[in-house]
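Numbering follows my numbering, with no gaps: position 219 of the sequence shown is 1715.
Note that CB positions come from ideal geometry on N, CA and C, so glycine has one too.
Given the structure is predicted, the values throughout are model-derived calculations rather than measurements.
First the structure, in the form of structure tokens, and then the observations on it.
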Amino acid sequence: MEYKVYAEDITLNLLKLVLSVGLLIAGLSVMGAMTAHVISLTVTMLLLFYFVHRLIPLNRPLSGAKRNSAEMLRFTLPLYLSRLLSKFSGSIETLVLGSFNIMSEVGIYTTALRLSSIGSLFHYSLQRIAVPMISDLHDRGKLGELNRVYQVMTKWGMTFNLPIFLTITIFAKPLLAIFGSDFVAGANGLVILAFGTLFNASTGVCGSIVTMTGHSKLTFANSIIYLGTNIALDLLFIPQWGGLGAALAVTLSGILINVLRLIEIFTLLRIWPYDRSFLKPLTAALISAGATFLINKQLMLLVPSLLQVAIGTLLLWSIYTLAIVLLKLSEEDRLILGRLWGRLNTWRS
């Protein structure tokens, strides 16, 4: 896990930034950005090979190695194909918008998509932490404990995503206005995309559970269903509504596949992520959203839009955090979060 962070999260992104800025200053424009991307990926790939060699020496003798290539291929090939489909599906809306000559919507939609994806950051971090725990608990047959981890991961994915969703929903127009007045037209699409991100976080680590409990073929099937649904909805909605239709298509596709995963996990393992404790973050969200909305109506008349966003966001997050603290963590939350923190500290050391 730490090697992946060093290579993909730090080296790749840092190299992209430094090289892109340097080559753009040198006057290479788009070609500079493309060159920076290729160089960064190449360096990251070489670094990953080095880390693999440290873990499993690539020059070791193979004569005494125990190999089960067929079994490994049966498990990993569907995952590889699933990853390819996921990479492709991330660009479908942009391609369809371009194919229908709605080029004016491409930039607005892409900006809205990037803003809405902020809510995914903590969710992806939870997934990375959860993967080894899911595999370990399933291998040891501890489905009861796996269910508790599933519930806590899901609840905290939703808990951390709710204030981000509320911030984007309340301040969609001033946030997009940062990029230019033309981008404000994408406010409704941004809210729809942010809801899709919230729904994804609120279904927890269901995708990781399907994969890490040995159902890689099911993961591949889910990717095919998602891709097919996404393309169909894009062709249905984008000609009518442009960027808004693209946002609606990707959100509905995500909701469908996550509901399907929830059903699959319940059918296969008889575990379910939701209970009454989910009412706490929802209550905190209602309180903070109501207070921020009322105060924001006054701020709109008194301060510039950027200052309005800054004050409103600080207010919303403060009220939300206070409400979460007052509603208190359950003993199970403390136990599981303590284990997560301990595992995170182990990786750091």
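Requested in this report: Assess, as a yes-or-no matter, whether the stretch 1696–1703 is touched by the stretch 1648–1661 under the definition of 3 or more beta carbon pairs within less than 8 angstroms.
Outcome: yes
**Report entry** Ordered list of alpha helix (DSSP H) runs contained in the stretch 1499–1555, each at least 4 residues
**Finding:** 1509–1521 and 1525–1551
Query raised in the report: What three-state label does DSSP hand K1793 in the structure shown?
Result: Reading the sequence shown from its first residue, position 297 is the one you call residue 1793. It is helical.
Query raised in the report: Is it buried or exposed for T1538, if we count other Cβ within 10 angstroms and need 16 for buried?
Result: Numbered from 1 along the sequence shown, position 42 holds the residue referred to as residue 1538. Exposed.
Query - Nearest-angstrom Cα separation, counted from L1591 out to S1749 - result: As a first step, residue 1749 is located in the sequence shown; it is residue number 253 there, counting from the start. As a first step, residue 1591 is located in the sequence shown; it is residue number 95 there, counting from the start. Answer to the nearest angstrom: the Cα atoms are 17 angstroms apart.
Query raised in the report: Thinking C-beta only, is L1764 closer than 8 angstroms to N1718?
Result: As a working note, residue 1718 is residue 222 in the sequence shown. As a working note, residue 1764 is residue 268 in the sequence shown. No, they are not a contact pair.
Query raised in the report: Is the beta carbon of I1456 sitting closer than 8 angstroms to the one on L1811?
Result: Outside the modelled stretch of the chain, which goes from 1497 to 1845, sits residue 1456, for which no answer is possible.
Query raised in the report: Smallest Cα separation from C1702: which of L1744, P1769 and R1636?
Result: Position 206 of the sequence shown holds residue 1702. Of the listed residues, the one whose Cα sits closest to C1702 is P1769.
**Report entry** Run of the alpha helix (DSSP H) containing A1693, from where it starts to where it stops
**Finding:** Indexing the sequence shown from 1 puts residue 1693 at position 197. In the sequence as presented, Ala is not what sits at residue 1693; that position holds Thr. Its alpha helix (DSSP H) spans residues A1683 to S1698.
Requested in this report: Out of R1830, A1806 and K1512, state which residue places its alpha-carbon closest to the alpha-carbon of A1668.
Outcome: Numbered from 1 along the sequence shown, position 172 holds the residue referred to as residue 1668. Minimum Cα distance to A1668 is reached at A1806.
Report task. Please report how far the alpha carbon of L1524 lies from the alpha carbon of S1536, in whole angstroms. Result -> Translated into the one-based positions of the sequence shown, residue 1524 becomes position 28. Translated into the one-based positions of the sequence shown, residue 1536 becomes position 40. Rounded to whole angstroms, L1524 to S1536 spans 16 angstroms at the Cα level.
Report task. Examine the Cβ distances between the stretch 1626–1642 and the stretch 1773–1788 and report whether three or more of them are shorter than 8 angstroms. Result -> no
Report task. State yes or no: is the C-beta of I1727 within less than 8 angstroms of the C-beta of I1588? Result -> On the sequence shown, position 231 is the one that residue 1727 refers to. On the sequence shown, position 92 is the one that residue 1588 refers to. Yes, these two residues count as a Cβ contact at 8 angstroms.
Query raised in the report: Can you tell me the Cα-Cα spacing of G1518 and I1759, whole angstroms?
Result: Position 22 of the sequence shown, counting from 1, holds the residue named residue 1518. Position 263 of the sequence shown, counting from 1, holds the residue named residue 1759. If I take the Cα positions, the gap works out to 49 angstroms.
Report task. Tell me whether F1667 sits in a helix, a strand or coil according to DSSP, three-state version. Result -> Residue numbering aside, residue 1667 sits at position 171 when the sequence shown is read from its first letter. In the structure shown, F1667 sits in coil (DSSP, three-state: anything other than H, G, I, E or B).
Query - Spatially closest choice to T1540 from A1673, I1751, E1504 and E1601, by CA coordinates - result: Numbered from its first residue, the sequence shown carries residue 1540 at position 44. Ranking the options by Cα distance to T1540, first place goes to E1504.
Requested in this report: Over the uninterrupted alpha helix (DSSP H) stretch that includes L1822, give me the two end residues.
Outcome: What you label residue 1822 is simply residue 326 of the sequence shown in a count that begins at 1. Here the alpha helix (DSSP H) through L1822 covers S1801 to L1823.
Query raised in the report: Could you give the distance in angstroms between the alpha-carbon of G1738 and the alpha-carbon of E1601?
Result: As a first step, residue 1738 is located in the sequence shown; it is residue number 242 there, counting from the start. As a first step, residue 1601 is located in the sequence shown; it is residue number 105 there, counting from the start. If I take the Cα positions, the gap works out to 7 angstroms.
Query raised in the report: Whose C-alpha, out of A1529, L1609, R1550 and S1704, is nearest the C-alpha of V1746?
Result: Taking the sequence shown and counting its residues from 1, one reaches residue 1746 at position 250. Nearest option by C-alpha distance: L1609.
Requested in this report: Answer with buried or exposed for K1651, where buried requires no fewer than 16 other C-beta atoms within 10 angstroms of its C-beta.
Outcome: Here residue 1651 refers to the residue found at position 155 of the sequence shown. Classification of K1651: buried, given that the 10 Å Cβ count is 16 or more.
Query raised in the report: Are the beta-carbon atoms of I1761 and F1679 separated by less than 8 angstroms?
Result: Sequence index remark: in the sequence shown, residue 1761 carries index 265 (1-based). Sequence index remark: in the sequence shown, residue 1679 carries index 183 (1-based). Cβ atoms of I1761 and F1679: not closer than 8 angstroms.
Requested in this report: Give the DSSP-derived three-state secondary structure of K1583 in the structure shown.
Outcome: Sequence index remark: in the sequence shown, residue 1583 carries index 87 (1-based). Here K1583 sits in helix by DSSP.
Query raised in the report: Taking DSSP as the reference, what is the three-state secondary structure of N1718?
Result: By one-based count along the sequence shown, residue 1718 stands at place 222. N1718 falls in the helix class under three-state DSSP.
**Report entry** Rounded separation between I1820 and T1665 - CA only
**Finding:** Against the sequence shown, residue 1820 aligns to sequence position 324. Against the sequence shown, residue 1665 aligns to sequence position 169. Using only the alpha carbons, I get a separation of about 20 angstroms.
Query - Buried or exposed (CB count within 10 angstroms, at least 16 for buried), F1545 - result: For the purposes of this step, residue 1545 is taken as residue 49 along the sequence shown, with counting starting at 1. Result: exposed.
Query - DSSP state of N1726 mapped onto helix, strand, coil - result: Your numbering for residue 1726 matches position 230 in the sequence shown. In the structure shown, N1726 sits in a helix (DSSP, three-state: H, G or I).
Report task. Put L1632 into one of helix, strand or coil per three-state DSSP. Result -> What you label residue 1632 is simply residue 136 of the sequence shown in a count that begins at 1. Inspection of the sequence shows that residue 1632 is occupied by Asp rather than by Leu. Three-state result, D1632: helix.
Query raised in the report: Can you round the beta-carbon distance between M1708 and I1660 to whole angstroms, since I take them to be within the 8 angstroms contact cut?
Result: By one-based count along the sequence shown, residue 1708 stands at place 212. By one-based count along the sequence shown, residue 1660 stands at place 164. Contact doesn't hold; Cβ gap of about 26 angstroms is too wide.
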